[in-house]
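Each remark here refers to the structure printed beneath this line.
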Amino acid sequence: MTSMAIIQYIEEACAPSGESSNICAREIVKGLTPLERARITGITTLAEELLVSWNPVRIFGTKAGTIVYPEGASEMLRWVQRTLSNVDRLLVDRDLEYLGDDERSVTVADVVLFGFLEFVDYCYGVDVTVGSEREWTGVYGRAVREDYPRLREVYGSFKGRKGAMRHGSGEIASEEVLERMRAWYDGIH
């Protein structure tokens, strides 16, 4: 996943001296107010955390991994679910319908978050936006409900954008590799 490269490109393209810059684009991508900019940075950071937290889940829990350790994968999945819950809560006050409209702008956070959701779904066959709705004890001993309605809305809306379509010329694993990536050990997801 190259979300940091995407962020850097967007920020440079929208910078005052960037080739496609204008004040409107900078404000939309980064936020109009200090609070909006903070929220965008917060969601972007959590989306990056999701990707980092996903690595041990996939390495220990799938046949594409190098170490068979399903218990470790399950524990790390709890950390992923914790972060998913945090992101879902941050999205409560946002209008997300516009994400599917190619004519409307999106934020850096939207792009990075969608990148993670699509990567995990396509490569590992796991739509992490669909929680089991069960309650479980979180990593800090609190009751957590595995349900992410706002993330489902982000993913469902955004994947309809032309720019979000997966292209064959991109970085796509072979069918053989995808089969191993999607082969999970029992009890993980």
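The numbering of the sequence shown is this note's numbering, which starts it at 6 and goes up by one.
The beta-carbon is built from N, C-alpha and C at its ideal position, and this holds for glycine as well.
Could you tell me which residues DSSP puts in a beta bridge with residue i?
i	result
W189	T67
R150	E140
What's the gap between the Cα of residue i and the Cα of residue j?
i	j	result
W144	L55	Checking the displayed sequence, the identity of residue 144 turns out to be Val instead of Trp. Rounded to the nearest angstrom, the two C-alpha atoms are 15 angstroms apart.
V183	T38	Note on identity: in this sequence residue 183 is Leu, with Val being the wrong assignment. Using only the alpha carbons, I get a separation of about 42 angstroms.
V131	I64	14 angstroms
I28	S90	Confidence at I28 is low in this model, with a pLDDT of 45, below 50, so the placement of that residue is unreliable and no value is reported for it.
Q86	V73	21 angstroms
D98	R44	11 angstroms
G66	Y190	6 angstroms
S26	Y103	Because the pLDDT of S26 is 47, which lies under 50, any placement of that residue in the model is unreliable, and the number read from its coordinates should be weighed accordingly. For S26 and Y103, the distance between alpha carbons rounds to 22 angstroms.
D100	E53	22 angstroms
T142	H194	16 angstroms
A69	A188	8 angstroms
A148	A114	27 angstroms
G120	M81	20 angstroms
So the alpha helix (DSSP H) residue i belongs to, where does it begin and stop?
i	result
E140	Not the alpha helix (DSSP H): E140 falls in the beta strand (DSSP E), residues 140 to 142.
T88	75 to 95
V113	113 to 129
Are the CB atoms of residue j and residue i within a distance shorter than 8 angstroms?
i	j	result
V125	V133	yes
A78	V62	yes
M170	Y129	no
G105	S179	no
K164	D107	no
L156	V92	yes
E151	S137	yes
L95	G36	no
According to DSSP, simplified to helix, strand and coil, what is residue i?
i	result
I28	Residue placement at I28 is poorly supported in this model, since its pLDDT is 45, which falls under 50; the coordinates still yield a value, given next. Of the three classes helix, strand and coil, the one that applies to I28 here is helix, per DSSP.
E158	helix
I208	For the chain, the structure presents residues 6 to 194; residue 208 sits outside this window and is missing.
K167	helix
R109	coil
G36	coil
P61	helix
L55	helix
V182	helix
I48	helix
Y145	coil
L101	coil
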